[in-house]
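Presented below is the structure to which this report refers.
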Amino acid sequence: MRTGLLVTLLLIAVGANAHLLNMSKSSVSLADDGAVTVELAVDLLATAGSREAYWEWSQYSEPMSSPDLQKALAPLPGAIALTVDGERVALTLSELRFPKLPKEEYLDPLSWPRTELTLSGNIPLKTTPSTLQITYLDSFRFEEPIANTLMEETSGRKQTRWLVTGQRSPAFTLDSAMAAAADEPREATTSGTANDAAEARAVFADLSLAGFRHIFPDGIDHLLFVAALFFGSASLAGLVGIITLFTLAHSLSLGMTALGWFSAPANIVEPLILLSIVWIAAANLLRQTQSHSSYLLVLLFGLVHGLGFASALRDIGLPADFLLIGLLGFNLGVEAAQLAFLSMLGAVGFAMGRLLPANNLWKRRGSLLVIGVTLFIAGLRYA
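What follows is the structure in structure tokens.
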């Protein structure tokens, strides 16, 4: 049983390392003259077929003229179903920019280079409000989730949603297109407040889901740290106290970093997160009870984990108009996932406590398992 659990955790560790870093990003902007520009950032590894092939693509001096790239990307324009009032907008691939990275970065199994692509099109101008929607089809491989933004260039109005393949975005009203067609100044709409409220709710919901997914099931390193805290707790009260302290610490550093008050490079934060897991799990094996020093360590390590969350949040992107709402939603999603995982651990602990009364050997084995999986992840990332 322990062997099966170890294998499962190792597989999760390999699959979860992306931390949403290869998610697709799309920004669709509309100008007053009806010109539409779609800016994509997509991991093309699956399209290329191998990391070696992906790197070879990046070396082309004129990638748009390459026959194999033309063939591979031919389905892309048709896979972006952009509609105005239900009618498809024809898109054309106009630019292709591979990330300028060394070959080692492309071949690294824990690296996900994203290529930038630009598509363009035009929509007909109308004297009545039009609605814009977009759906990403499965005729092209889009790594999920797809962080999609629809935006009017003149007004700056935007709608940001997380989508998956086959999911249609909510309708986005094009006020500026109407005004340009009528050659009149655009007047403020009475529905602005209602639209803002709806957008705020959607941003909160989307980023709550993003925060949850970042931890469970994708955030293996955070789950390992929570597991280490669980295995080191001698009582429910002690567990609640230590988790509360950890939550306050990572919420503080997440908020400060997201608001631009502080930052730290990922190449420092990520190793520190792994170190924090091994440190706490090893401490579980060396001491019998929690001490004041262990609470101080959890506080410090919580601040470090918050910096890691902020890195993921920067990659996702916080809407400038709903910064605090998005930050709150993401953090609540993180806490909900943490609570769900603790509930699962609690169920296991209850069962083990009933099966092995007055025997905490399973907690020591759990701490050893946490150390083993963490070292395995460290080997994958830095070997």
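In terms of numbering that gives the first Met the number 0, the sequence shown is numbered consecutively and its last residue is 382. Even for Gly, the Cβ is constructed at its ideal location relative to N, Cα and C.
Own chain partners of residue i with C-beta closer than 6 Å, once the 5 adjacent residues on each side are dropped
i: Leu206; result: Gly325, Gly328, Phe329
i: Val369; result: Leu223, Ala226, Ala227, Ala280
i: Val37; result: Val27, Leu118
i: Pro108; result: none
i: Gly120; result: Val35, Val88, Ala89, Leu90
i: Gly305; result: His249, Ser252, Leu253
Alpha carbon of residue i to alpha carbon of residue j, nearest angstrom
i: Trp56; j: Phe141; result: 18 Å
i: Thr256; j: Ala311; result: 11 Å
i: Leu331; j: Ser65; result: 46 Å
i: Ile79; j: Asp42; result: 16 Å
i: Ser366; j: Thr153; result: 56 Å
i: Glu104; j: Ser49; result: 13 Å
i: Ala34; j: Ile241; result: 54 Å
i: Met393; j: Ala335; result: Since the first residue shown for the chain is 0 and the last is 382, residue 393 is missing from the structure and cannot be characterised.
i: Ile145; j: Leu208; result: 13 Å
i: Ala263; j: Ile272; result: 13 Å
i: Ile267; j: Ser275; result: 12 Å
i: Arg185; j: Thr130; result: Confidence at Arg185 is low in this model, with a pLDDT of 44, below 50, so its placement is unreliable and the value that follows should be read with caution. Arg185 and Thr130: Cα-Cα distance of roughly 16 Å.
i: Leu258; j: Phe308; result: 13 Å
i: Ala236; j: Leu379; result: 36 Å
Proximal residues to residue i (C-beta, below 7 Å), its chain only, five neighbours per side dropped
i: Pro74; result: Ser138, Phe139
i: Leu100; result: Pro112
i: Ala199; result: Phe321, Ile324
i: Leu92; result: Leu72, Leu75, Pro76, Leu116, Leu118
Opening and closing residue of the beta strand (DSSP E) in which residue i lies
i: Ile133; result: 129–135
i: Ala157; result: Correcting the residue type first, residue 157 is Lys in the shown sequence and not Ala. Per DSSP, Lys157 belongs to the beta strand (DSSP E) from 157–162.
i: Ala411; result: The question about residue 411 has no answer, for the chain in this structure spans 0 to 382.
i: Leu29; result: 23–29
Same chain, Cβ closer than 8 Å to residue i, neighbours up to 5 away in sequence not counted
i: Leu68; result: Trp56, Tyr59, Pro62, Leu95
i: Leu106; result: Arg50, Glu51, Trp54
i: Gly165; result: Thr134, Tyr135, Leu136, Asp137
i: Leu244; result: Tyr294, Val297, Leu298, Gly301
i: Pro169; result: Gln132, Gln158, Arg160, Ala201
i: Phe349; result: none
Limits of the alpha helix (DSSP H) - the one that residue i falls within
i: Glu103; result: 102–106
i: Thr46; result: 44–47
i: Phe229; result: 219–230
i: Arg50; result: 50–57
i: Leu72; result: 66–72
Q: Inspect the CB distances between the stretch 231–251 and the stretch 293–306 and report whether three or more fall short of 8 Å.
A: Yes: the two stretches touch, three or more of their Cβ pairs being nearer than 8 Å.
Q.
Please give me, in chain order, every unbroken run of the alpha helix (DSSP H) with length at least 4 that falls completely inside the stretch 239–319.
A. Entirely contained in the stretch 239–319, the alpha helix (DSSP H) runs reaching 4 residues are, in chain order, 265–285, 291–315.
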